[in-house]
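The structure appears right after this line, and notes come after that.
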Amino acid sequence: MGKIAAMVVGTGFGVRVHIPALRAAGFNVLALVGRDTERLQRKASENAVPACFTDLDEAISATGARLVTIATTPDTHAALAHRAIARGCHVLCEKPFAFDAVEGAALLKAAEDARIVHMVSHEFRWLPERALFGQAIREGLIGEPRFLAMDQFIPFCADPAARLPRWWFDRQAGGGWLGASGSHLIDQIRAWLGDFESLSANLLTISDRTDVAEDTYSMRFLTKGGVEGTMQQSAGAWGQGAGLCRCAGSKGTVWIEAGKVFVANRSGTGQLDVPPELALPLAADARTSFELEPFTRLAKALKAAIETKAQPGAITPPTFHDGLACMIVMDAMRASAAERGALQILA
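First residue of the sequence shown: 46, per my numbering; consecutive thereafter.
See the structure below:
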């Protein structure tokens, strides 16, 4: 069987991460799709992609691609994904999955009706420390989980002069730090602890900017399994980054510290070893390890699903079902923030 033909829509993250990850997973990347012809041709040439197009339908017809990956701004995800699905292509869509839950629900229905393989780019499920953290909870090392805290300060957006993706600050494009980063953490909490039942949230801007989408969010939540928690993150905080990821249970506590996972209980405190099935290869470039290696695992899971093979590894791949669930939480957070933190009950 030959390599599965794929194409990438988007000349930013799509070029930097999607293309090398797809190739590493065994796909044949035949085309790059974008809007700016000059940039498109340059990026295709630099990355040895044989063809480039400004129209997705034309690209599918010309290449016969079976997989379309979408790495564009959130407001364009739904239209592009619907076009790919209508042509019978499998789809991998970047997060945030859609502009809102209404778009997300329509995408999920279309994908299921077409019986294509569908996944969302929540690749950080494969980060070893996050996977091991979840495994510790599932294996009962802390007893019944009861409280989770995920708090982080990072300086990505602190300097208004920093070069950053424009959509991060554009509400009309689906921007804001909640979608750019919070969507990953929402998905991670769901993977560890199940669905959300209720929440209260706020969105704000910490950096020296005005009239832009948020660079900071905070949320208090309750899961359907009864776990209380907080999720707070600011990308507008000057200084060295700092964070907390800790879950307390009835018989112990598990936490992540400097990329390592620890468990404390009546017997004492110890570090958990990363089993081979959760380990990722180390790269000389730390950013490459953080972004590319987990995405390659996601791409391998996608390839296995298309080939109807058993899923590799211990991580459940994120599908459009997960994308929709994440959008429901994000919509509720935005509704709560609009009402100054009013409690939202999720269906």
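Even for Gly, the Cβ is constructed at its ideal location relative to N, Cα and C.
Secondary structure of residue i, DSSP reduced to three states
i, result
"residue 354", "coil"
"residue 120", "helix"
"residue 77", "strand"
"residue 287", "strand"
"residue 394", "The question about residue 394 has no answer, for the chain in this structure spans 46 to 392."
"residue 256", "coil"
"residue 387", "coil"
"residue 221", "coil"
"residue 57", "coil"
"residue 149", "helix"
"residue 196", "strand"
"residue 270", "coil"
"residue 365", "helix"
"residue 206", "coil"
"residue 62", "helix"
"residue 216", "helix"
Residues that DSSP places opposite residue i in a beta bridge
i, result
"residue 190", "294"
"residue 180", "In DSSP, residue 180 forms no bridge with anything."
"residue 240", "Answer is none; residue 240 lacks a bridge partner."
"residue 261", "249 and 279"
"residue 50", "73"
Integer Cβ distance of residue i from residue j, believed to fall under 8 Å
i, j, result
"residue 137", "residue 117", "That pair is no contact at about 12 Å."
"residue 166", "residue 369", "Going by Cβ atoms, the distance from residue 166 to residue 369 rounds to 14 Å, so no, they are not a contact pair."
"residue 378", "residue 223", "6 Å"
"residue 164", "residue 347", "5 Å"
"residue 76", "residue 98", "6 Å"
"residue 308", "residue 319", "The Cβ separation is near 13 Å, so there is no contact."
"residue 179", "residue 236", "6 Å"
"residue 188", "residue 297", "6 Å"
Residue i vs residue j beta-carbon contact at 8 Å
i, j, result
"residue 177", "residue 325", "no"
"residue 49", "residue 128", "no"
"residue 281", "residue 234", "no"
"residue 133", "residue 159", "yes"
"residue 182", "residue 173", "no"
"residue 153", "residue 54", "no"
"residue 253", "residue 210", "no"
"residue 162", "residue 122", "no"
"residue 93", "residue 341", "no"
"residue 238", "residue 270", "yes"
"residue 251", "residue 279", "yes"
"residue 242", "residue 268", "yes"
"residue 196", "residue 288", "yes"
"residue 322", "residue 359", "yes"
"residue 264", "residue 293", "no"
"residue 244", "residue 259", "no"
Minimum Cβ-Cβ distance from residue i to chain D less than 8 Å
i, result
"residue 263", "Among the protein chains of the structure shown there is no chain D, as only one such chain exists."
*May I have a chain-ordered list of the beta strand (DSSP E) segments no shorter than 3 residues that lie completely inside the stretch 290 to 351?*
Fully enclosed beta strand (DSSP E) runs of 3 or longer: 297 to 302, 305 to 310 and 313 to 316.
*3 or more residues per run - each beta strand (DSSP E) lying fully within the stretch 97 to 141*: Runs found: 112 to 115 and 135 to 138.
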